[in-house]
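Count along the sequence shown starting at 1, add 46, and that's the number in the numbering used here.
First the structure, in the form of structure tokens, and then the observations on it.
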Amino acid sequence: MISASSRHRHLWAGTAVVVALGITSAANAQEGETASQSTELKPIVLQAEKGGRVADSPLTQTTERPKLDQRMVTDFKDFARRIDAGVNFNSATKSVNIRGLQDQRVLTTIDGIRLPWLTDPRDSAQGGVNAFDFDSLSSVDITKGADSSRFGSGALGGVVELRTLNPEDLIEDGKNFGALTKSTYDSTDDSFGGNAAIAGRANDSWLLIQGGYKKGHETDNQGDVGGYGSTRTEANPMDYNQKNLLVKFHQYLEGGHRFGLTADLFNRDEDIDNMRGTTSSYEQGSFKSGEEVDRKRFSGSYDFISPDGTDIVDQASVNIYWQKEKLNNTVDATRLMDGRAFIPGFITDTGQSGADLLYGPPYGVYKRNNMIEQTSYGITGDAKKELQIGGVSNEFRFGGELYWQKTHQYSSGVDNCPDVDWSTIPELTIGGESVGPQSCRMLHSNSSDMPDVDSVTFGAFVEDDIKLMDDRLTITPGVRFDWYSHDPKSTAAFEGSPNFDPAYLKSSEDFGISPKLRFAWQATQELELFAQYARGFRAPTALELYQNYGAPGSYARIGNPDLETETSNGFEIGARYQATDYAFSATVFNNYYRNFIDTVMIAPPGGEYPVGGITGYENLNKVHIYGLELSGEWQFHPNWRTWGSFAWTHGRDTGTGAYLNSVAPLRAIVGLGYAAETWGTDVSLSMASKRDKVSGTGTSRGFEAPGYGIVDLSAWWAPERIGDIDVKGLRVQAGVFNVFDKKYWDAVSVPDGTTMASRDYFSEAGRSFKVSVSKKF
């Protein structure tokens with residue numbers, strides 16, 4: 047375990063990371079790598095007798111910066127493949143997947159501030175939880191399942207807590223300056239990135255500036271069919287630029303007080319040459335698209351640690367913040383003309399002649415910018431206090447959060463469709479086949495597909511560790527209260543939508559009370575047995591309530607303002623064993639979900655919406671997910687260690703018996719590593735079983751992914767001197783991944799309805815390599 051500094055300012059750093067309500071850190075944090083194994087940042091996590099941050103959780107697993115560096119983790123995909131088999135990342139929706147749940151059901155935070163997962167009504171702009179640079183992180187905390195007394199809405203599947211660097215991370219004891227630089231090349235997407243952080247202090251004032259830039263191309267797959275059209279399986283050509291800036295200022299005051307200011311900026315911009323899919327409708331080489339995610343965050347913090355334990359609280363944190371996240375999906379193309387609409391003299395089924403079709407099909411220029419953004423601001427806080435009541439030890443933890451959000455969506459565009467009311471123009475058919483205006487009905491833009499939505503959310507929790515029987519038995523009761531309100535606002539852009547309906551201007555609000563009860567028995571000094579019940583809560587999103595995309599004569603995707611909140615009842619039993627040289631944990635979980643929000647077909651094609659019918663959201667009655675997770679590490683020799691991670695999950699809609707296509711197959715990771723004083727090497731095997739328990743038919747059927755085994759190999763070198771030159775702090779690392787060039791698929795990342803002919807397009811990268819050079823000053 048990473049040791050604590052004895053100096054007061056470093057004890058302070060135990061709560062330096064400002065956390066929102068319910069944010070946790072592992073009391074049993076994974077052991078950090080030795081200085082010889084990685085370019086190690088100075089630890090900032092308080093490891094006093096009670097350990098952890100204010101709202102630590104025994105269910106949380108912490109991965110510190112040294113392990114991220116050693117395993118060469120630069121994104122969530124790497125994390126899932128080389129750190130934790132129970133964590134997956136869906137590349138299609140750009141969301142973290144834990145225990146079969148993803149998108150809005152896994153809560154992601156950065157420095158205690160919620161990172162929203164967003165999608166627009168057209169499913170074009172998606173993502174948001176990946177709007178950060180892994181090189182700006184000091185640790186990643188993973189909590190699987192709903193720990194109700196700590197987290198609010200959105201934590202049904204689990205919580206990913208991202209913690210960014212602090213100035214205290216870089217400045218060693220007795221110094222006033224510290225810096226870290228890193229450069230990385232990755233052949234997977236032919237990318238090169240540079241990152242630098244510098245920190246300084248003057249007495250009790252600390253400052254950090256960190257920045258990064260990365261430039262690359264499309265992520266390789268193992269498709270081998272090129273050209274244009276739906277048969278293409280090679281990846282679409284793509285160029286991207288990614289940049290971030292992090293600035294932190296900390297001011298310590300006598301008596302255990304610290305104030306902080308943070309600015310955090312991130313942008314990733316992708317330019318894609320679309321050569322696959324519906325390109326037959328467009329001039330070859332003209333279909334260009336773009337995806338951009340932009341996030342800005344400014345926050346102020348106050349942290350407190352009681353110097354002698356006599357204050358009203360032992361520790362406390364408060365965070366005030368403003369954050370804006372915006373997603374853009376763009377298209378710039380030239381549509382091809384449907385010549386039938388201009389054949390002289392033909393007569394349509396409705397009796398119109400070609401001369402009447404002045405509005406014609408939408409050939410020519412076609413541009414779109416589909417945008418969704420969410421602005422939030424709020425305050426979070428938590429605290430803890432140890433008390434002896436009637437001779438019994440109690441540790442109370444309590445806190446709350448209050449935040450406001452504004453969600454705005456808009457689609458702008460240019461095309462060759464006249465600006466007319468298409469609902470008044472009859473559908474044109476030739477031999478029963480739609481032509482002409484039908485396409486324009488489906489291409490409307492320069493409007494909003496949902497109202498602007500103002501939201502407010504409040505949550506508060508309290509829990510107590512009650513220690514009995516010489517502190518061997520710990521009983522932790524807890525409860526959280528959550529309340530939310532969504533208030534849709536009509537806008538001219540929404541009223542201008544061809545599918546506008548004032549019924550979508552209906553407010554929605556609800557509350558939930560989420561209890562928790564945990565029992566932990568310290569069977570021996572090393573072995574803890576535990577059992578827990580926790581109730582979870584998720585409020586419907588603004589999109590699920592209010593989206594209304596489509597047009598009469600085509601199809602519609604609608605929200606449901608009457609959706610009820612999702613709830614869960616989760617049960618876990620398990621064991622944790624922590625010895626000097628090895629550790630092991632096992633958890634069996636069983637979760638029941640009610641009012642599960644899912645996409646359903648409300649009306650089949652026909653009537654007013656003949657092309658695709660009407661799809662929307664409804665509450666399913668019950669969903670059941672259960673499984674098993676194992677993990678362990680063993681240092682069986684001073685220079686040798688091995689580790690493993692195993693996760694198996696099973697999920698079904700108990701009302702219909704259908705399997706949940708978001709559930710990953712059985713996955714496991716096994717690793718072996720050697721570390722000498724100045725060099726070391728790791729080899730790992732990542733495995734998955736075949737996934738054949740899927741549901742749906744046709745375009746909704748889940749992908750039956752074959753099983754696989756992938757070998758990764760890496761090595762590092764950290765000399766202190768090269769000849770007569772002092773290079774202490776230098777680290778050179780290289781890795782070869784998918785060593786045997788295995789073709790495989792990540793089951794949760796392949797869209798439903800993928801056919802055998804097109805599946806190679808969604809395959810993962812073959813053999814690749816990564817090289818990084820870092821230097822700490």
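Ideal Cβ placement from N, Cα and C applies to all residues, glycine included.
Once DSSP output is grouped into helix, strand and coil, what is the label at residue i?
| i | result |
| --- | --- |
| glycine 659 | strand |
| arginine 128 | helix |
| aspartate 149 | helix |
| glutamate 679 | strand |
| valine 794 | helix |
| arginine 805 | helix |
| threonine 308 | strand |
| glutamate 541 | helix |
| proline 548 | helix |
| glycine 596 | strand |
| glycine 410 | strand |
| valine 819 | strand |
| lysine 431 | strand |
| aspartate 510 | strand |
| leucine 161 | strand |
| lysine 334 | strand |
| glycine 744 | helix |
| lysine 372 | strand |
| alanine 566 | strand |
| alanine 66 | Residue confidence for alanine 66 is low, a pLDDT of 30 falling below 50, so the modelled location carries little weight; the figure read from the coordinates is stated next. The answer is coil: DSSP assigns alanine 66 none of H, G, I, E or B. |
| glutamine 172 | strand |
| arginine 117 | coil |
| phenylalanine 178 | coil |
| arginine 111 | helix |
| phenylalanine 749 | coil |
| lysine 452 | strand |
When the Cα of residue i is compared with those of the options, which residue comes out closest?
| i | options | result |
| --- | --- | --- |
| asparagine 637 | Tyr628, Glu654, His696 and Val152 | His696 |
| proline 711 | Ala539, Ala780, Asn143 and Val773 | Asn143 |
| leucine 147 | Leu706, Val525, Tyr595 and Val508 | Leu706 |
| serine 327 | Asn241, Pro548 and Val411 | Val411 |
| alanine 551 | Met496, Asp181, Ala580 and Asp357 | Note that residue 551 is leucine in the sequence shown, not alanine. When only C-alpha atoms are compared, the closest one is Met496. |
| aspartate 498 | Asp166, Thr109 and Ser184 | Asp166 |
| serine 531 | Ser199, Gly599, Asn290 and Met284 | Ser199 |
| tyrosine 790 | Ser760, Lys289 and Gly812 | Gly812 |
| tyrosine 423 | Ser237, Glu447 and Asp115 | Glu447 |
| valine 271 | Lys260, Glu612, Thr230 and Arg322 | Arg322 |
Is any heavy atom of the ligand SAH found at a distance shorter than 7 Å from the C-beta of residue i?
| i | result |
| --- | --- |
| glutamine 578 | No copy of the ligand SAH occurs in the structure displayed, which carries no ligand at all. |
Among residues of its own chain, excluding the 5 on either side of residue i, which ones have a beta-carbon nearer than 8 Å to its beta-carbon?
| i | result |
| --- | --- |
| glycine 269 | Arg278, Thr279, Glu280, Ala281, Asp806, Tyr807 and Ser809 |
| phenylalanine 122 | Val133, Phe135, Val142 and Asn176 |
| leucine 183 | Arg111, Leu114, Leu208, Arg209, Thr210 and Leu211 |
What residues in its chain sit with their C-beta under 7 Å from that of residue i, if we drop five residues either side in the sequence?
| i | result |
| --- | --- |
| arginine 518 | Trp567 and Gln568 |
| glycine 799 | Gly744, Thr745, Ser746 and Arg747 |
| glutamate 264 | Asp235, Ala281, Asn282, Pro283 and Met284 |
| methionine 647 | Gly659 and Thr661 |
So, at 6 Å on beta carbons, what are the nonlocal neighbours of residue i in its own chain, with the 5 sequence-adjacent residues on each side left out?
| i | result |
| --- | --- |
| arginine 564 | Thr522 and Gln578 |
| phenylalanine 527 | Ala506 and Ile559 |
| tyrosine 286 | Gly262 and Glu316 |
| aspartate 511 | Glu441, Thr520 and Thr522 |
| valine 152 | Val142, Ile144, Gly203 and Gly204 |
| leucine 674 | Val634 and Trp694 |
| alanine 362 | Phe350 and Ala429 |
| tryptophan 529 | Phe504 and Phe557 |
| arginine 343 | Asp310 and Gln369 |
Should residue i go down as buried or exposed, given a rule of 16 or more other Cβ atoms within 10 Å for buried?
| i | result |
| --- | --- |
| glycine 68 | No answer about glycine 68 holds up, because its pLDDT of 32 lies below 50 and its placement is not dependable. |
| phenylalanine 576 | buried |
| glutamine 434 | exposed |
| arginine 111 | buried |
| leucine 373 | buried |
| proline 651 | exposed |
| isoleucine 771 | exposed |
| serine 814 | buried |
Return no unless some Cβ of chain C is closer than 8 Å to the Cβ of residue i.
| i | result |
| --- | --- |
| threonine 587 | This model lacks chain C altogether, as it is built from one protein chain only. |
| said: Report the start-end ranges of each alpha helix (DSSP H) in the region 710-736 that is 4 residues or longer and not cut off at the edges. | reply: none
| request: Enumerate, from N- to C-terminal direction, the unbroken beta strand (DSSP E) stretches of 3 or more residues contained entirely within the region 193-275. | output: 204-210, 223-232, 237-248 and 251-263
| query | Which ranges does the alpha helix (DSSP H) cover as unbroken runs of at least 4 residues, wholly within the region 751-787, from first to last along the chain? | reply | none
| query | What residue ranges within the region 572-627 form continuous beta strand (DSSP E) runs of no fewer than 3 residues, ordered along the chain? | reply | 573-584, 594-596, 601-604 and 612-624
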